[in-house]
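Contents: one structure, followed by commentary.
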Amino acid sequence: MGHLGALLFLLGGLGALAQICEITEVDSTLVERLGQRLLPWMDRLSPEQLNPSIYVGLRLSRLQAGAKEAHYLHSLKLSYQKSLLRPSSSKDGNDSEAKPSMGQLALYLLALRANCEFVGGRKGDRLVSQLKRFLEDEKAAIGHNHQGHLRTSYYQYGLGILALCVHQKRVHDSVVGKLLYAVEHESHLLQDHVSVDTMAMAGLAFSCLELSNLNPSQRDRISLALRRVQEKILKAQTPEGYFGNVYSTPLALQLLTGSLSPTVELGMACLKAKAALQASLQHKTFQNPLMISQLLPVLNQKSYVDLISPDCQAPRALLEPAPETPPQAQVPEFIDVVLKVSGVSPSYTHSVSVPAGSSLEDVLKNAQEHGRFRFRTQASLSGPFLTSVLGKKAGEREFWQVLQAPDTPLQQDMGVPVLGEVT
Numbered sequence: 000m001g002h003l004g005a006l007l008f009l010l011g012g013l014g015a016l017a018q019i020c021e022i023t024e025v026d027s028t029l030v031e032r033l034g035q036r037l038l039p040w041m042d043r044l045s046p047e048q049l050n051p052s053i054y055v056g057l058r059l060s061r062l063q064a065g066a067k068e069a070h071y072l073h074s075l076k077l078s079y080q081k082s083l084l085r086p087s088s089s090k091d092g093n094d095s096e097a098k099p100s101m102g103q104l105a106l107y108l109l110a111l112r113a114n115c116e117f118v119g120g121r122k123g124d125r126l127v128s129q130l131k132r133f134l135e136d137e138k139a140a141i142g143h144n145h146q147g148h149l150r151t152s153y154y155q156y157g158l159g160i161l162a163l164c165v166h167q168k169r170v171h172d173s174v175v176g177k178l179l180y181a182v183e184h185e186s187h188l189l190q191d192h193v194s195v196d197t198m199a200m201a202g203l204a205f206s207c208l209e210l211s212n213l214n215p216s217q218r219d220r221i222s223l224a225l226r227r228v229q230e231k232i233l234k235a236q237t238p239e240g241y242f243g244n245v246y247s248t249p250l251a252l253q254l255l256t257g258s259l260s261p262t263v264e265l266g267m268a269c270l271k272a273k274a275a276l277q278a279s280l281q282h283k284t285f286q287n288p289l290m291i292s293q294l295l296p297v298l299n300q301k302s303y304v305d306l307i308s309p310d311c312q313a314p315r316a317l318l319e320p321a322p323e324t325p326p327q328a329q330v331p332e333f334i335d336v337v338l339k340v341s342g343v344s345p346s347y348t349h350s351v352s353v354p355a356g357s358s359l360e361d362v363l364k365n366a367q368e369h370g371r372f373r374f375r376t377q378a379s380l381s382g383p384f385l386t387s388v389l390g391k392k393a394g395e396r397e398f399w400q401v402l403q404a405p406d407t408p409l410q411q412d413m414g415v416p417v418l419g420e421v422t
């Protein structure tokens with residue numbers, strides 16, 4: 000009987016572990032500092048810099064920005080409502096006047112839901128219709144035989160379905176079917192360089208559809224795809240504890256913490272990820288506002304799926320601006336950065352000297368000011384996006400990849416510090 004009791008105790012312990020994927024008891028001071036990094040971004044109210052993800056992240060966190068938060072939502076509403084009245088393309092070619100992308104529009108719908116608003120009325124119907132048109136256009140681009148390619152990405156496709164789902168807006172089974180097919184046929188997804196972020200976003204869309212039962216004829220298929228996504232993300236965990244990399248981990252955890260199929264493997268993976276995130280917070284790894292806004296809900300045990308029924312009365316601590324550190328009088332340290340471009344003919348190599356802590360954008364600007372180097376960027380919610388180098392533009396389904404020697408991809412935006420050789 001004693002042995003049986005011990006065995007039952009062990010099984011009970013494993014069962015309890017299997018039900019838990021929590022990122023709790025993270026140092027509140029570290030979380031507050033993380034939120035403080037979003038405050039300066041909330042003062043940037045030009046259309047190209049407004050980022051609905053910032054508002055969503057705060058509303059799903061334990062933190063609030065007071066009056067600034069309400070003003071930011073008001074600015075979002077003015078900007079996005081105005082954008083719907085503009086022609087499809089601006090005659091003067093001004094990018095700041097362009098209509099929002101599918102991903103931007105989807106995030107705006109999430110922001111409205113984060114304020115406990117359902118889209119409705121003529122303006123709301125226009126938003127929903129525009130997002131559904133985006134999805135239908137992408138469905139057509141994929142094609143009946145699934146051999147075509149999205150104009151955007153499966154990340155934005157999944158985000159669009161999720162945004163409509165939390166507003167209880169049903170999309171056609173055929174639209175959902177394209178995302179299901181992509182997950183079911185892994186080789187098809189790999190053609191589009193699918194990352195953990197993309198898998199996680201697809202999983203969040205499936206989670207919402209499963210809970211809302213908006214597509215009942217696809218229910219079994221959705222449940223199977225959701226489990227497949229979770230398995231793929233768990234397999235992508237690194238020895239350090241991240242899912243994919245440090246910056247894709249927050250979105251992965253949004254999915255995993257809401258898992259309806261707990262396992263021992265899931266519980267252990269989440270414990271490992273929690274330790275890795277804690278270390279990242281201590282080292283101030285997260286600086287990009289998009290990444291921060293995806294992490295804050297995780298630290299409050301929330302995800303985008305919670306926007307199905309958001310708790311807008313939950314108490315949240317008021318964020319105060321971080322105290323300014325007085326500048327220290329010291330001679331700036333300079334570093335040499337070797338810039339190599341292999342995607343052009345002839346290849347380009349140039350060395351520039353920049354202050355320590357300079358970003359990639361700083362390095363490129365320095366090279367442009369002191370040599371024949373030329374580059375162009377485009378604003379995006381995750382920071383400046385490199386579109387042209389030495390006159391060579393990224394074509395359809397092409398992009399410029401930035402590597403730090405010898406072969407480490409740049410994982411954040413162009414505003415992060417770099418060292419050494421960049422190719």
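Anchor point for the sequence shown: position 143 equals 142 in numbering that gives the first Met the number 0, and the numbering is continuous, going up by one each time. For every residue, glycine included, the Cβ atom is placed at its ideal position computed from N, Cα and C.
In this structure A199 touches I232 by the C-beta definition: roughly 6 Å separates them, less than 8 Å. Take R169, set aside five residues on each side of it, and the residues of its chain with a beta-carbon closer than 6 Å to its own are L213, in chain order. Annotation: the continuous beta strand (DSSP E) that includes H349 extends over Y347 to P354. DSSP places F205 inside the alpha helix (DSSP H), whose first and last residues are V195 to S211. Here L298 is not near V55, since their CB atoms are 9 Å or more apart.
Around the beta carbon of P314, fewer than 16 other beta carbons sit within 10 angstroms, so the residue counts as exposed.
Between S308 and A235, the alpha-carbon positions lie close to 30 Å from each other.
Look at Q217 here: in three-state DSSP terms it is helix. Distance between V263 and S45, taken at the CA atoms: about 47 Å.
When only Cα atoms are considered, M267 and N287 end up about 28 Å apart. According to the DSSP assignment, V297 belongs to the alpha helix (DSSP H) that extends over P288 to V297.
Taking a cut-off of 8 Å on C-beta distances, the segment 235-249 does not touch the segment 340-347, as fewer than three cross pairs fall below it.
Within its own chain, the residues whose Cβ lies closer than 7 Å to the Cβ of P320, once the five positions on either side in sequence are excluded, are Q35 and L38, listed in chain order. Secondary structure of I334 (DSSP, three-state): strand.
Counting along the chain, the unbroken alpha helix (DSSP H) around G56 starts and ends at P51 to R58. Here Q103 carries a helix assignment [DSSP, helix/strand/coil]. For Y154, the enclosing alpha helix (DSSP H) covers residues Y153 to V165. By the C-beta criterion, the segment 159-166 is judged to be in contact with the segment 101-118, since at least 3 inter-stretch pairs fall below 8 Å. DSSP places H70 inside the alpha helix (DSSP H), whose first and last residues are A66 to L84.
Contact fails between the segment 150-160 and the segment 120-127, because fewer than three Cβ pairs, one in each stretch, are under 8 Å apart. Q367 sits in a helix when the DSSP states are folded into three classes. In the three-state reduction of the DSSP assignment, R150 falls in the coil class, being assigned neither a helical nor a strand state. DSSP places V401 outside any alpha helix (DSSP H), giving it a letter other than H or E. Around the beta carbon of G370, fewer than 16 other beta carbons sit within 10 angstroms, so the residue counts as exposed.
For the 9 Å CB-CB criterion, L338 and V351 form a contact. A direct Cα-Cα distance of roughly 40 Å separates D219 from H73.
Counting every other CB atom within 10 Å of its CB across the protein chains shown gives T28 a total below 16, marking it as exposed.
Contact annotation: A204 and G240 have beta-carbon atoms that are not nearer than 9 Å. Residues P51 and S52 of the same chain have their beta carbon placed closer than 6 Å to that of L106, with the five preceding and five following residues left out of the count. Distance check between L318 and each of E21, L295, E31 and Q277 places E31 closest, using alpha-carbon atoms only.
Around I334, the same chain offers A355 as residues with beta carbons nearer than 6 Å, after the five sequence neighbours per side are excluded. The beta carbon of K364 sits closer than 6 Å to none of the beta carbons in its chain outside the five residues before and after it. In this model, K67 and P331 are separated by some 35 Å (Cα to Cα). In the structure shown, the three-state DSSP call for S279 is helix. One Cα belongs to S173, the other to G147, and the distance between them is close to 15 Å.
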